Every structure is written in structure tokens, then in C-alpha cells.
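Counted from 1, the sequence shown has number 73 at position 73 by this note's numbering; the numbering is strictly sequential.
Built from N, CA and C at the ideal position, the CB exists for glycine as well.
These numbers were taken from a predicted model, which means no experiment stands behind them.
Beneath this line is the structure, given in C-alpha cells, with notes to follow.
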Amino acid sequence: GLSQFGIRNVSSTAKEGYEDARSFGSDILSVRQIRELGIDKLIKRVPKRDNLYLTIDIDAFCPSIAAGTGTPSHGGFLYYEVLEIVQGRTKQNNIVGIDLVEVAPAYDPSESTQILAAQLLLNLIGFIFHNRQA
């Protein structure tokens, strides 16, 4: 199944696709729902030992730490929230691929979004290799 965590601002134009995804069994949670649920319970929602392709959309982060995206929206994740989620996934699942999308350096003259993206990917790759050796 498809899990989508951190979805925000579903507009009326995207509502049909959102509802269709749910009807096909997608597990879709907003940042607010995840905070209410807690990271540990979120991690348990995805079955253990399944192969997992992980896509991280930079606009899921709060624009105060990731302004360099085409669709910034307040109320997003903080760095350590995402770090805990991906670390939990690497403990529970076999990560077979990753990508990080929507990084738009031209929109962030401070370059903090690029640094955040690189740091997240480096930590994620480290978690993957660490858990494969365990």
C-alpha cells in the first residue's frame, strides 16, 4: 500500500485525487494528525519487513527551516520529527530506494534548505547502512 505522511493544504482542485487515493487504500495523514498520533504509533502503521521506497518532499517541512520550495506552507514538520520517522522506517523496513523532491535553491538565498536536504539524506543513508549491519 501507499502511505503519505505530512500532507497539507489539499485544495479543492486536488481533493478528488486525495479521495481517490484513500478509496484505493492509501494511508494519508496530515502533520497535525501525526503529531496527535505520535511518531512511535506512526512507525507501526507501516508493516515491518516490507520493501519500502521512500520519497521525501521538502515542502512537508515548515518553511521556517525549508523555504526553498515552490509550495511552502506553514505547519510543516521540524527536522527532528522527520529524522525520527525515517530512522524508524530504516529499523522496520528494507529501504530499496529514496528520493528527496521539490528542493528549489533559487527560492532560498540563505541556502538553508539545501543544507537541510543534504543533512537529511546523509543521516538517512547512515541509518540504512547501520541497520543493515545490525
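(1) According to the Cβ coordinates, are Tyr-18 and Ile-28 closer than 8 Å?
(2) Determine, using beta carbons only, whether Ile-58 and Glu-111 come nearer to each other than 8 Å.
(3) Got a sec? Which residues, its chain only, sit under 6 Å from Ile-7 by beta carbon, not counting five neighbours each side?
(4) Are there 16 or more other CB atoms within 10 angstroms of the CB of Gln-133, so buried, or fewer, so exposed?
(5) Report buried or exposed for Leu-122, applying the criterion of at least 16 other Cβ atoms within 10 angstroms of its Cβ.
(6) Classify Ala-117: buried if its beta carbon has 16 or more other beta carbons within 10 angstroms, exposed otherwise.
(7) Less than 8 Å between the C-beta atoms of Leu-42 and Val-82, yes or no?
(8) My output table needs one value for Asn-93: the three-state DSSP class, helix, strand or coil.
(9) If you measure between the beta carbons of Asn-51 and Val-86, is that distance less than 8 Å?
(10) Roughly how many angstroms separate the alpha carbons of Gly-126 and Thr-90, rounded to a whole number?
Quick answer:
(1) Taking the sequence shown and counting its residues from 1, the one referred to as residue 18 is at position 18. Taking the sequence shown and counting its residues from 1, the one referred to as residue 28 is at position 28. In this structure, Ile-28 lies closer than 8 Å to Tyr-18 by Cβ.
(2) For the purposes of this step, residue 58 is taken as residue 58 along the sequence shown, with counting starting at 1. For the purposes of this step, residue 111 is taken as residue 111 along the sequence shown, with counting starting at 1. No. Outside cutoff.
(3) Counted from its first residue, the sequence shown places residue 7 at position 7. Hits under 6 Å: Ile-28 and Ser-30.
(4) Locating residue 133 in the sequence shown gives position 133, where the first residue counts as 1. Gln-133 comes out exposed.
(5) Here residue 122 refers to the residue found at position 122 of the sequence shown. Under this definition Leu-122 is an exposed residue.
(6) Position 117 of the sequence shown holds residue 117. Per the 10 Å Cβ criterion, buried.
(7) As a working mapping, residue 42 is identified with position 42 in the sequence shown. As a working mapping, residue 82 is identified with position 82 in the sequence shown. It is not a contact, given that the beta carbons lie outside the stated cut-off.
(8) For this step, residue 93 is matched to residue 93 along the sequence shown. Coil, per DSSP.
(9) In the sequence shown, counting from the first residue as 1, residue 51 sits at position 51. In the sequence shown, counting from the first residue as 1, residue 86 sits at position 86. The answer is no: Cβ separation not under 8 Å.
(10) Numbered from 1 along the sequence shown, position 126 holds the residue referred to as residue 126. Numbered from 1 along the sequence shown, position 90 holds the residue referred to as residue 90. If I take the Cα positions, the gap works out to 10 Å.
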